Each structure stands twice: as structure tokens, then as C-alpha cells.
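See structure below.
6 protein chains.
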Amino acid sequence: MYSLTVRDSIMIAHSFKGDVFGPAQALHGATFVVEMTLRRPEIDADGLVADIGLASRLLKAVLAPLNYANLDDLPEFAGINTTTEFLAGEIHRRISAALRAGELGIPATTFPSLRVRLRESPVAWADYDAPPA
Amino acid sequence: MYSLTVRDSIMIAHSFKGDVFGPAQALHGATFVVEMTLRRPEIDADGLVADIGLASRLLKAVLAPLNYANLDDLPEFAGINTTTEFLAGEIHRRISAALRAGELGIPATTFPSLRVRLRESPVAWADYDAPPA
Amino acid sequence: MYSLTVRDSIMIAHSFKGDVFGPAQALHGATFVVEMTLRRPEIDADGLVADIGLASRLLKAVLAPLNYANLDDLPEFAGINTTTEFLAGEIHRRISAALRAGELGIPATTFPSLRVRLRESPVAWADYDAPPA
Amino acid sequence: MYSLTVRDSIMIAHSFKGDVFGPAQALHGATFVVEMTLRRPEIDADGLVADIGLASRLLKAVLAPLNYANLDDLPEFAGINTTTEFLAGEIHRRISAALRAGELGIPATTFPSLRVRLRESPVAWADYDAPPA
Amino acid sequence: MYSLTVRDSIMIAHSFKGDVFGPAQALHGATFVVEMTLRRPEIDADGLVADIGLASRLLKAVLAPLNYANLDDLPEFAGINTTTEFLAGEIHRRISAALRAGELGIPATTFPSLRVRLRESPVAWADYDAPPA
Amino acid sequence: MYSLTVRDSIMIAHSFKGDVFGPAQALHGATFVVEMTLRRPEIDADGLVADIGLASRLLKAVLAPLNYANLDDLPEFAGINTTTEFLAGEIHRRISAALRAGELGIPATTFPSLRVRLRESPVAWADYDAPPA
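Protein chains in written order, with the numbering used here: chain R, 24 to 156; chain Y, 24 to 156; chain U, 24 to 156; chain V, 24 to 156; chain L, 24 to 156; chain A, 24 to 156.
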């Protein structure tokens with residue numbers, strides 16, 4: 024299996040509901056370094072898993088509505104704790120939708136799996152790994 | 024599959040037995056950067072794989088008996104080469120025991136797999152990846 | 024000249040006032056990786072620039088009131104853009120005050136200079152470097 | 024499953040054929056940081072996945088014919104785009120051949136899988152992961 | 024003294040003349056991670072050393088003519104070994120010219136010094152540090 | 024001012040004397056990532072601060088007697104706490120001696136200053152910076 028990973032980052036504010044979060048119940052924020060990994064059994068005739076320029080732009084476009092945002096204000100996250108894990112899953116869903124919309128110029132089914140990693144600090148990160156179906 | 028990773032480090036002394044180890048047969052030491060990755064099919068109602076505070080404390084507690092130790096002096100390692108690979112497995116067993124003892128407040132079976140990575144230098148590291156059974 | 028550096032991190036929310044900030048005028052946030060560098064012409068009789076345990080606790084204590092905070096809500100920052108550069112200077116002032124209060128157990132004048140670095144992402148960081156006077 | 028990873032790097036020139044490559048159609052180059060991961064179900068009697076010295080030398084030997092080379096001039100790459108993905112696969116094939124030739128002193132079948140990662144920049148990397156068969 | 028650093032990268036081909044270069048006399052290449060550090064005694068009324076967006080674009084614009092290039096083909100480098108050290112100096116000269124041309128919207132003399140760092144691999148890098156005069 | 028930095032690492036055991044060291048009074052160890060920075064006002068006719076191959080070999084040769092050693096057993100360190108700061112200074116003295124012995128093929132006075140950095144973990148490091156006189 025081949026894979027290609029591209030990386031970008033976003034800076035967001037948010038707060039969490041629930042005693043388990045301790046001080047993170049207060050409004051705070053994070054720089055999330057986001058890594059998108061596309062897996063593909065064979066490379067194409069050009070030698071690629073995906074066009075790295077298109078892949079980087081797709082990732083940046085998916086992240087744009089979240090970048091410089093207070094996630095507590097976004098209607099789609101009402102009532103949701105936007106934890107690092109949740110956001111890894113959510114960004115996975117949004118990348119998957121972009122892949123299914125053909126934004127890489129090849130079918131989403133070309134990629135049997137997609138991993139999204141969000142690094143919140145040098146000592147903590149979360150992944151979501153699943154088919155982009 | 025979701026995952027959460029937390030990172031800590033320890034500083035230990037040890038020596039190895041066997042010609043294969045060359046100069047590492049002498050008493051020397053290492054800083055091991057230790058990464059614990061918990062995998063879970065779905066996040067919980069709070070949006071978590073695990074409480075990151077509890078997970079970080081669990082890792083630190085598991086590492087404490089090894090930190091600032093000469094592993095050659097620890098009775099449980101008598102006759103054993105405490106290689107990076109071995110220690111990845113050993114720390115995996117100790118984290119698994121802590122998970123089974125309920126130290127994250129959820130059943131160990133919540134996590135179908137657990138990976139422990141030990142980085143010994145910028146150019147070498149070892150993993151052990153298995154169910155925390 | 025010798026130096027010792029210790030590192031920690033904080034997660035904050037804030038917003039900026041002024042067209043120069045573009046999208047960062049909205050409430051957003053950051054993980055700041057904070058590096059404190061103490062410089063000293065000679066090491067002490069123990070071989071130290073400073074007790075690394077004390078130095079790490081001093082840094083964590085200085086950062087605590089900022090961690091998990093919305094900087095826009097802190098009265099001391101009213102009317103101020105809490106940019107990465109400003110915060111490097113502000114944390115420098117707070118560390119300097121702690122050094123002058125003797126929190127490392129040695130006079131602040133032991134250290135002719137102190138550098139504070141804040142990394143806001145893998146591609147941007149800011150420093151403030153001055154005597155801790 | 025245990026794994027051991029060792030890392031090295033090479034500096035190469037190359038160019039690509041095809042409009043998809045945009046400016047990378049011109050002769051340019053890259054520093055590739057190469058990570059070789061050997062997986063093995065159990066460690067051996069010495070506590071090892073593989074002799075780390077032998078593994079590091081095997082990787083360096085495999086990379087030597089590519090290091091400081093213009094890949095466009097190497098006959099084995101005639102008519103091929105030596106993309107990061109392709110090179111991950113090619114280096115995998117060459118490491119696999121070395122393993123099958125017994126260069127680690129143990130059968131290649133000891134390792135059910137082998138992953139080769141090439142980092143081309145801080146924001147992009149590619150893997151090839153397969154049995155070394 | 025305050026400073027702000029922004030980072031980008033380029034991928035180039037080149038070769039060196041002189042026995043001292045050994046195998047690097049052959050046409051090869053590099054990914055250079057380029058860090059531009061602007062120093063300034065005081066931050067401005069907005070709390071900035073420089074507008075980070077402008078600074079990042081200035082760096083990218085300065086690097087553009089070098090990115091995806093064979094430096095051996097650029098007329099301005101005829102007869103010159105484009106070593107990492109030389110390129111740190113050359114990029115410093117080009118950034119300085121851009122600063123003097125007012126591309127950050129403030130006088131170049133605002134910055135008493137400018138450092139350019141080029142990382143050629145995880146184990147080697149070079150700096151040039153001087154006033155942008 | 025130009026500079027060139029090369030990096031290597033060593034794995035050592037040691038212990039410290041003095042209550043200030045707490046648990047580090049026990050025999051433990053460290054991986055030290057060692058960075059040697061040579062500064063030089065102008066590059067030479069080849070475009071170099073120093074021959075990077077020679078510089079890397081000089082660093083490795085200086086580190087060799089410390090690598091895989093228990094520093095407590097080395098006679099030159101009898102009665103000394105081999106702290107990270109001390110070792111930065113000690114390695115600086117040994118590199119300086121090698122420079123004065125002409126091991127880079129140019130006079131030590133070519134380099135007005137030399138910095139040695141030792142990273143003991145991702146969160147702590149020490150420097151010694153002085154002329155190699």
C-alpha cells in the first residue's frame with residue numbers, strides 16, 4: 024500500500040462542556056497541525072498517489088471554514104464538544120465529501136482509506152482513520 | 024478508528040549482554056521519548072477516546088519506576104536485555120495492566136489496540152502494538 | 024556563556040484589533056510552545072545554570088494564569104493586542120519578576136540575559152531577549 | 024507486533040514529465056529523509072527485531088547509489104517519474120532484495136511487513152508498506 | 024530585542040566544483056527549509072515586529088525564482104558554488120533588498136538585524152546573520 | 024556572520040552528587056543530541072564555513088570517547104557532576120582543542136565563536152558558546 028501525506032495548520036478557539044474537561048471548560052484555543060494521509064494500493068501512470076498540489080489545496084479548502092474561528096459559534100457544532108478526536112473525525116468527513124465530489128480528479132474509491140491526524144501540542148495528538156466513504 | 028496519543032520521556036541507564044551489541048555492552052544510557060496510542064472505534068459522549076489528563080497521568084505513573092533508574096539493577100529485568108524493543112513491549116504490558124485495573128475509568132476492552140513507541144534518538148525508534156489484553 | 028532552556032506549552036483564545044490582522048480579528052486561539060532560556064557566564068559548583076526542576080516549575084507557574092484562558096477577558100490585557108511578540112515580552116516580564124523574587128534560589132542578576140520564545144505553529148515563532156531586570 | 028525504525032537521508036536531483044507536475048517538470052532536487060520500519064511478531068533471544076547497526080548499514084548501502092545522484096541519469100529510471108511515492112516503493116524493493124539476500128543475518132520472512140517512508144519537506148511525505156517478499 | 028521568524032521551503036538542484044566536495048560534485052539536489060528572522064528593538068502599536076502575512080509572502084516571493092530550479096543554470100550563479108552557506112547569504116541579500124524596497128511597509132532600518140537559516144537535512148544547517156543594509 | 028551546524032548524538036550513563044539533583048542522584052542515563060555551530064565572518068573561496076564532511080567527522084571523533092560510556096567511570100570526570108551544561112562546556116573544550124590541532128585544515132582563529140548545544144529531551148537543552156580559544 025502506498026500513501027501520501029500533506030500537512031497544514033489552523034488556529035481556533037473553543038470550550039468544552041463537562042466536568043471531565045477541568046480547566047478546558049473555559050474558552051481557550053489551539054493550533055492544530057493537520058495531517059491528511061491518502062492510501063492507495065498502486066500509484067498511477069505518473070507515479071502518484073494524488074497530485075500533491077491538488078491534495079494540499081483540498082486540505083486547505085476543507086480547513087478554511089475552521090481557521091481563525093471560534094468553534095463554539097459555528098452552528099454545525101452546537102451542543103458538541105469539539106475535542107481533538109471529534110475534529111479529526113469531522114475533518115475526515117469533510118475531506119471524504121470533497122474526495123467524493125471529485126476534487127482530486129479521481130474517484131474517492133481510489134483510496135481505500137484516509138487518515139486525519141490533529142496535533143494539538145508536542146505531547147498530544149489524535150487520529151481518525153477510515154475509508155473515505 | 025479513532026486514536027489518542029500522549030507523550031512523556033524517561034532517562035535510564037542499562038547495558039546489554041551479547042556480542043551483537045558491540046559497544047552497547049558497556050553500561051550506557053538513553054533518553055526514551057515514550058508515546059502511548061490508545062485506539063477506539065468510536066468516541067464517547069464527551070467526544071473523547073480517553074480523558075487526556077488521566078491518560079497522561081497513567082503514562083507518567085507507569086514510567087515512574089523506570090525513570091532515573093539503572094535497569095540492570097531492577098530485579099524484574101534480571102537476565103534480560105532491556106532493548107528499546109523489549110521496553111516497548113514491557114511498557115505495553117504495564118499500561119495494559121493499568122487499563123485492566125480501570126485506571127482510565129473505562130474497561131480496557133474499550134480499546135481494541137494499544138501502541139507503545141520508544142524513540143531512543145532522532146534516527147531510531149521501536150514500537151509494540153497489540154490489544155491491551 | 025552557558026545557557027539552559029526548558030519548554031512547556033499553553034492553549035489560549037484571543038482576538039486582535041486592527042485591519043492588519045485580517046481574519047485574525049475574529050476570536051480564535053493558539054497552542055503556544057514556550058521556551059525559556061536562562062544565560063549565565065559560569066555554571067555553579069553543582070555544574071548547573073539553574074536547578075532544572077525549579078526552572079520548569081517556575082515556567083509552569085508563570086504560564087498557569089494564561090493557560091486555558093481567553094486573553095481578551097484578562098483585565099491586564101485590556102486594549103492590548105496579545106500577539107505572539109507581545110506575549111513573548113509579557114512572559115519575559117513575568118519570568119523576570121519571578122527571578123527577582125528569588126524563585127530559583129539565586130539572584131536574578133546571576134543571569135545577564137533571558138530569552139523567551141513562543142512557537143505559534145511549525146512555520147512561525149517570536150522571541151523576546153533582554154536582561155531579566 | 025514489534026517494529027524497529029532507522030532513519031537516514033539522501034540528496035538527489037530529478038525532473039518530472041507531465042503537465043500534472045507544473046513547475047516540478049524542471050530539473051530540481053530534494054533532500055529525502057528515509058525511514059525504514061521492520062515489523063516482526065516477536066523479538067529474538069537478544070531482545071531485538073534486528074541488529075540496529077546492521078539495519079542502519081543496510082539502509083545506508085541501499086541508499087548509496089541514489090545519494091548525490093541526478094535520478095534522470097540513472098538507466099534504471101529511464102522513462103519513469105521518480106516521484107516520492109515511486110521512490111518509497113523502489114527503495115522498498117531494494118531493501119527487500121537485501122533482506123532476501125540475508126544481509127541482516129536472518130530470513131526475510133522473519134519480517135511480515137516493511138514500511139519505507141520518504142519525507143520530502145516538513146509538509147509532505149509518502150510511504151510504501153508491504154511484505155518484503 | 025524582539026524577533027519574528029517565518030519558515031518556508033524550496034526544492035533545488037545544483038552541483039559543486041572542487042575536490043573538497045567529494046560526491047557532491049555531481050549534480051544532486053536539496054530541500055532547503057528556510058527560516059527568516061527579523062529582529063526589532065520594540066514592537067509597533069499593533070504589537071508586531073512585522074505583519075506576519077506580509078513577511079510570509081515576502082519570503083515566498085524571494086524564494087520563488089530559486090524554487091524548482093537547477094541553480095547551475097541561473098546566470099547570477101555562474102562560477103559560484105551554491106553551498107548552503109552561500110545561499111543563506113544570497114537569500115539574506117535578496118530579503119534585504121525587498122525590505123529596503125519597502126515590501127513590509129516599514130523602513131528596512133526598523134530591523135537592526137536579519138538572520139536567514141537554511142536547513143539542508145536533519146543533521147546540517149547554515150545561517151547568515153547581518154543587518155539588512 | 025555565517026555559521027554552519029552539524030548534529031550527532033551519544034548515549035551515556037551517569038549519576039549526580041547533591042540534594043539539588045533529587046532522583047537524578049541515582050545512576051541513570053541520557054541520549055544527548057549534540058549540535059556544533061561554527062561561526063565565521065566570511066565564507067571561503069569554495070563557499071564554505073567549513074568542509075561539512077570534516078566537521079561531521081571531527082564532531083563524531085570528539086564524541087566517541089563519551090558514547091556508550093558510564094561517565095562516572097571516566098577518570099577525567101572524577102568528582103565532577105557531568106550535567107548537561109558541564110558537558111556542553113566540556114565538548115566545547117574538546118572541539119576547540121581539535122580545531123586548534125588543525126583538524127579542519129584551517130586555523131581555529133578562523134572561527135570567532137563556537138556553540139555546542141546538548142539536547143537531553145524534547146523539553147530541555149543546554150548550550151555553551153565561546154571562542155574556541
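Note that beta-carbon positions come from the ideal geometry of N, C-alpha and C, so glycine has one too. Source: prediction; values computed, not measured.
Identify the continuous alpha helix (DSSP H) that holds residue i and give its terminal residues.
i	result
R/Phe39	Here R/Phe39 belongs to no alpha helix (DSSP H), and DSSP marks it neither H nor E.
A/Thr107	107 to 123
Y/Ala78	75 to 86
State yes or no: is the beta carbon of residue i nearer than 7 Å to at least one beta carbon in chain Y?
i	result
V/Arg30	yes
R/Thr54	no
V/Ile85	The sequence shown places Val at residue 85 of chain V, rather than the Ile named in the question. No, because no Cβ of chain Y sits closer than 7 Å to the Cβ of V/Val85.
How many Å lie between residue i and residue j at the Cα?
i	j	result
A/Asp150	A/Thr107	8 Å
U/Thr132	U/Glu65	13 Å
L/Ser136	Y/Leu89	46 Å
V/Arg30	R/Gly102	45 Å
U/Leu77	U/Ser26	15 Å
U/Asp96	Y/Ser32	35 Å
V/Lys40	R/Ile129	19 Å
V/Arg123	L/His51	30 Å
V/Arg63	R/Val56	31 Å
U/His37	U/Thr105	7 Å
V/Ala120	A/Pro98	47 Å
R/Ala111	A/Ala111	41 Å
L/Phe134	U/Asp152	15 Å
R/Phe109	V/Asp69	42 Å
U/Leu71	A/Ala92	21 Å
A/Pro145	Y/Pro145	11 Å
U/Gly87	U/Arg116	In the sequence on display, residue 87 of chain U carries Ala and not Gly. Taking the straight line from one Cα to the other gives about 15 Å.
A/Ala147	L/Ala147	21 Å
U/Asp42	U/Leu141	23 Å
U/Asp67	U/Ser79	18 Å
What residues in its chain sit with their C-beta under 8 Å from that of residue i, if we drop five residues either side in the sequence?
i	result
U/Ile118	Met59, Leu81, Leu82, Val85, Leu137, Val139, Pro155
Y/Pro46	none
V/Ala49	Ser38
A/Ile75	Leu27, Val29
U/Phe44	Asn104
With a threshold of 7 Å between beta-carbons, can residue i be considered close to chain R, or not?
i	result
Y/Met59	no
U/Tyr91	yes
For chain A, is any of its Cβ atoms less than 7 Å away from the one on residue i?
i	result
Y/Met24	no
L/Val121	According to the sequence displayed, residue 121 of chain L carries Ala and not Val. No, no contact with chain A.
L/Asp96	no
Y/Leu50	yes
Take residue i and list the residues in its own chain whose beta-carbon comes closer than 6 Å to its own, dropping the five residues that flank it on each side.
i	result
U/Phe100	Leu94
R/Ile114	Val139
A/Ala73	Leu27, Leu61, Leu127
Taking residue i as part of the beta strand (DSSP E), name the residues at either end of that continuous run.
i	result
R/Tyr151	147 to 153
V/Phe55	51 to 63
Y/Glu143	136 to 144
Leaving out five residues before and five after residue i in sequence, what residues of the same chain have Cβ atoms less than 7 Å from its Cβ?
i	result
R/Ala53	Ile35, Glu143
Y/Met24	Arg62, Pro64
Could you tell me whether the Cβ of residue i comes closer than 7 Å to any Cβ of chain D?
i	result
U/Ala156	The question asks about chain D, but that chain is absent: this structure's protein chains are R, Y, U, V, L and A.
Examine chain U for any beta-carbon lying closer than 7 Å to the beta-carbon of residue i, and answer yes or no.
i	result
L/Ile103	no
L/Asp69	yes
Taking 7 Å as the CB-CB cut-off, is residue i touching chain L?
i	result
V/Leu88	It is Pro, not Leu, that sits at residue 88 of chain V in the sequence shown. Output row for V/Pro88: interface = no.
V/His115	no
U/Asp152	yes
U/Ser109	The displayed chain sequence assigns Phe, not Ser, to residue 109 of chain U. Yes, contact with chain L.
U/Val146	yes
At a cut-off of 6 Å, would you count residue i as near the ligand ZN, judging by its Cβ distance to the nearest heavy atom?
i	result
V/Thr107	As far as ligands go, the structure on display features none, and thus does not contain the ligand ZN.
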